[in-house]
Amino acid sequence: MSDHTVVHVKGRVLAGPADVRDELWVVGGRITYRRPPGAADGITVRGWALPGLVDAHCHVGLDAHGAVDDATSERQALTDRDAGTLLIRDAGSAADTRWIDDREDLPKIIRAGRHIARTRRYIRDYAHEIEPDDLVAYVAREARRGDGWVKLVGDWIDREAGDLTACWPRGAVEAAIAEAHRLGARVTAHCFAEDSLRDLVEAGIDCVEHATGLTDETIPLFAERGVAIVPTLVNIATFPALADGGEAKFPRWSAHMRRLHERRYDTVGAAHDAGIPVFVGTDAGGSLAHGLVAAEVAELVKSGIPPVEALSAATWGARAWLGRPALEEGAPADLVVYDTDPRADVRALAAPRRIVLNGRIVG
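Take the position in the sequence shown, starting the count at 1, then add 342; the result is the number in the working numbering.
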C-alpha cells in the first residue's frame, strides 16, 4: 500500500466512549473527519474502529534471562502489534530498542529506561542493582535515557526474612522521586506486597505496577494522591505456580503470594471503586508471552470494572494518561478495526479485523 493511499474507515468510529462517528479518512498518515479529494480511489475498511490499543506495562527486549537480540525484540513487537497494541509503555528493559523508533511498521514505545533495583533483590541481569546512596544518581541517569518515565523495584523477596519486603528507605525514595520530577520524568515502581506502598505514595510516586498489596488503609491514600495502578492481572495469575516452586525454601513468601493472588480481583475492584486510575498492562516479556492485551482487558472486567471503563484503560484513557493522541483530527492514524462493538463485549478485542499503523494497513 502506498503511503499516499487514502484509507476510508466506515461503520462506527469510537473517537471516545460515547463519541461515535460514522467514518474517518486517513490521508498522509493522519486522521481526518473531512472527506478528502481522491477519497473515491482509496481503500475502504468497514467495522468498529478504536484507537490503537495501549499496553502500559510491557518489556520489549527482555526474556526470562535478560536482554535479547534485535531479531527477538522485533518478533515481540510484531506480536504485540498484531494483537492491536500500537502504543507500549516499556516498563523497564535492559536492551537498547531505540532502533524501533525508526520502524513505521512497529508499535510506538514510551520507555522507562532500565529497572533500578536493590542489590541481589530482583531478577538476575534485568536491573541496575545498587544501594540506597546511589539511588538518586541512577534515577537521574534513567530519567535522561527514558521517555518521561523511570522504573524502580519497590519490593522483592528478602532471602533473610523469607518474604517480600520493601527495598528502599523512605528518605532515599523521597530524594529519588524529587530528582526524577525535577528532570521532567514520572516514576513508577514494581510492588507486589503491602509494606512499600505508603512510603512510595507519600514520597510522590506517580504509578505503581501490580499493586497486589493494596489494602483498606492504602487505597484511600492512592485515590487522594491520584496515583495510578497497572494491575497486570494476566501476570498475577502466575503467582500460585511461583508459590509452589518456592514452598520448600520460602514458605512465608509462598503463603504471602497465594494470599495476594486470591484477593486480586477484590483488590482491583476496590481500587477502581475508590477512584484510583487503573490502566491495562500485561507484563509481557520476561517469562510472559506478548500479545495478551485483550486478555488483560477481560481480566479487568472480571474484577468488576465496567466494560467501557476497562476498554478506556487500554485506549482513550490510557493514551491521555501517557500524553498521546487517540482518534482526534490530525492525529497519527494508529487504529484497530473490529467486526463487532467492543463496548458490548470486550472479547471482541481478541480478533482485530484490520490494523492501521502510521496510516498504513499492516494487518
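Glycine is no exception: its CB is placed at the ideal position from the N, C-alpha and C atoms.
Every value quoted in this text rests on a predicted model; they were computed, and no experiment measured them.
Name the DSSP beta bridge partners of L630, please? G627
*asked:* Using C-beta distances below 8 Å, list every residue in its chain close to G490, excluding the 5 sequence neighbours before and after it, in chain order.
replied: I452, G526, A527, R528 and G665
Strand pairing of E470, partner residues [DSSP]: Position check: residue 470 holds His in this sequence, whereas Glu was assumed. According to DSSP, H470 bridges with I458.
_Less than 8 Å between C-beta atoms, sequence neighbours within five positions excluded: which residues of the same chain meet that for D383?_
V348
If you follow the alpha helix (DSSP H) that R445 is in, where does it begin and where does it stop? Note, R445: premise wrong, no alpha helix (DSSP H); not H, not E.
| task | Going by CA-CA distance only, name the one from W367, V610 and G389 that's closest to P379. | result | W367
Based on DSSP bridge pairs, tell me the residues matched to E365. K352
Worksheet item: What's the call for A590, buried or exposed, on a 16-neighbour Cβ count within 10 Å?
Response: exposed
task = Report the rounded CA-to-CA distance for L575 versus S596, giving the unit in angstroms.
result = 18 Å
Quick one: is the Cβ of T427 within less than 8 Å of any heavy atom of the ligand MG?
The ligand MG is not among the ligands present in this structure, which contains no ligands whatsoever.
Keeping to the same chain, check which residues put their C-beta closer than 6 Å to that of L404; ignore five residues upstream and five downstream.
S435, G627 and G628
* Asked: Which residue's Cα is closest to the Cα of V478: D447, W510, D497 and D467?
  -> W510
message = Here's the rule: buried if 16 or more other CB atoms are within 10 angstroms of the residue's CB, otherwise exposed. What is D548?
response = buried
request  = Go ahead and pull the three-state DSSP assignment for I703.
outcome  = strand
Output the distance between the C-alpha atoms of D500 and R462, rounded to the nearest integer angstrom. 9 Å
Nearest chain C C-beta to W658 closer than 9 Å, yes or no?
-> In the structure shown, chain C does not exist; there is a single protein chain.
Alpha-carbon spacing of D615 relative to V639, whole angstroms: 17 Å
- Query: The alpha helix (DSSP H) with K493 in it runs from where to where?
  - Reply: K493 -> not in any alpha helix (DSSP H); beta strand (DSSP E) instead, spanning W491 to V495.
Can you tell me whether T624 is buried or exposed, with buried defined as 16 or more other CB within 10 angstroms of its CB? buried
Practice problem: Confirm, please, whether the CB-CB distance from I697 to D424 is below 9 Å. | Solution: yes
Sorted by chain position, which residues of the same chain lie with C-beta nearer than 7 Å to Y480's C-beta, five sequence neighbours on each side aside?
-> I458, H470 and I472
> In the stretch 651-696, which residue ranges form an unbroken beta strand (DSSP E) of at least 3 residues, counting only runs that do not cross its ends?
Replying inline: 677-680
*Whole-angstrom distance between H523 and T374, CA atom to CA atom*: 36 Å
Tell me which residues share the same chain as V495 and place their Cβ nearer than 8 Å to its Cβ, disregarding the 5 neighbours each side in the sequence. H457, I458, A459, R460, R463, Y464, A469, C509, A531 and H532
Please report how far the alpha carbon of R445 lies from the alpha carbon of H350, in whole angstroms. 24 Å
Once the 5 residues before and after I430 are set aside, which same chain residues still bring their CB inside 6 Å of it? D397, C400, P449 and I451
### Query
Are the stretch 537-546 and the stretch 578-589 in contact at 8 Å, needing three or more beta carbon pairs?
no
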